[in-house]
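Structure first, commentary second.
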Amino acid sequence: MHREQAKARHRQASGQAAESDRGQSPRAGRKPGRGELILAVPAILATFLWAYWPALVKVVAAWEQQPDYSHGYFVVPLALYFCWARRDRFPSRAVGQIVWPGLLVILLSIAIRIAGARYYVDAIDAWSMVVWVAGVVWLLGGWRVFLWASPSIGFLLFMIPLPWSAERWLSLPLQRIATRLSTWVFQVLGQPAIAEGNTIWLGDYQLEVEQACSGLRIFVGVFALACAYGILVRRVWWERGLLLLSALPIALVANATRIVVTGLLSRWVSGDAAHKFTHDISGWVMIPYAALLFALVLAYLGRLTREVESLKAGEVLHDPVI
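When we follow the working numbering, the leftmost residue of the sequence shown carries the number 11, and every step to the right adds one.
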């Protein structure tokens, strides 16, 4: 009996010693505390601003100088709001666990920056900002936090203007569609409109549908709006798909409206009024106008489908209304 009690005391002492050894393990093996993570946020933000300040200046300048990209001002606030709206799904247990594969993503963002500087593509440098943010989230929060934040991280891409080469390549078919559609609207309104290439003749007035008038930038803004709605509102997959597909026709209609208004101003008011509308006003007006068209599409989809309450067989048999 005494021998068994001695063995039990020895096992207990050994367990306490092992726990003491684990408590004195090296700092590299433990999770950083919440206070350390809070202190790391200003350092991370300062590093980001130091590294990407020139790219940020160019991106904001594009928002200011090109009204069709004015939606960029709302991208970061919306991305933060997405995180707040989805806070109930946040995997809190993963906070404080450093996951080193995120460091590889950060290194990838550096490689993208080097490629952008080598080939003089500003958009690639700006895109690397989003990759850098993704790497930091993965590094500090882990894979589950990265998945939780991925809608917000992906949405940040909408704040970056398209490269000029991509705009030119994508604008060519959109210019032709905008020219044909606007000419048809002019003719419906009783105007003497004839299309020649990307030029619309309104009587003696020549209206050029240039690359900036292709509607591509409006499409980017409308597509961002559709993605934001899909993130915030829980709908079935086919409704989300229809909303995303509706972005292109909405952008085409909005752009055709801009071209028609410009042409009517040139005929009924003056060329200066048409020029002022095209370069100063239309870029700020078209995105809200496209948002209104998007709201009409949502209202139409709401009338197509209705939510019904499912009943069990027993409830159907005993329901007096039925």
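All C-beta atoms in this analysis are idealised placements derived from N, C-alpha and C, irrespective of residue type, glycine included.
Identify, in the order they occur along the chain, each residue of the same chain with its Cβ nearer than 6 Å to the Cβ of residue i, setting aside the five sequence neighbours on each side.
i	result
residue 156	147, 148
residue 135	65, 123, 126
residue 241	92, 161
residue 213	202
residue 167	140
residue 29	Its pLDDT being 43, under 50, residue 29 is placed unreliably by the model, and the measurement read from it follows with that caveat. Excluding positions up to five away in sequence, the list is empty.
residue 284	272, 275, 276
Output the boundary residues of the alpha helix (DSSP H) element that contains residue i.
i	result
residue 177	174–198
residue 91	85–95
residue 170	Per DSSP, residue 170 belongs to no alpha helix (DSSP H) and is neither H nor E.
residue 157	153–165
Evaluate residue i with the Cβ neighbour count: other Cβ atoms within 10 Å of its Cβ, from every protein chain shown; 16 or more gives buried, anything less gives exposed.
i	result
residue 33	In this predicted model, residue 33 has a pLDDT of only 40, less than 50, meaning its place in the structure is not dependable enough to derive any value.
residue 56	exposed
residue 315	exposed
residue 310	exposed
residue 204	exposed
residue 119	buried
residue 158	buried
residue 177	buried
By Cβ distance below 8 Å, which residues in the same chain neighbour residue i in space, the five residues on each side in sequence not counted?
i	result
residue 312	none
residue 243	none
residue 208	185, 186, 189, 218, 219, 220
residue 299	264, 267
If you measure from the CB of residue i, is any heavy atom of the ligand MG nearer than 8 Å?
i	result
residue 242	As for the ligand MG, it is missing from this structure, which has no ligand bound.
Over the uninterrupted beta strand (DSSP E) stretch that includes residue i, give me the two end residues.
i	result
residue 110	Run containing residue 110: none; DSSP gives neither H nor E here.
residue 212	209–212
residue 201	Premise fails: residue 201 is in no beta strand (DSSP E) and is neither H nor E.
residue 215	215–218
So, at 7 Å on beta carbons, what are the nonlocal neighbours of residue i in its own chain, with the 5 sequence-adjacent residues on each side left out?
i	result
residue 364	The chain is shown from 11 up to 332; residue 364 falls before or after that span and cannot be answered.
residue 287	271, 272, 275
residue 131	173
With DSSP as the reference, identify every bridge partner of residue i, one or two as the case may be.
i	result
residue 310	Residue 310 pairs with nothing; no bridge assigned.
residue 206	209
With a floor of 4 residues, list each alpha helix (DSSP H) that falls wholly inside the segment 239–307, ordered by position along the chain.
247–255, 257–278, 281–286
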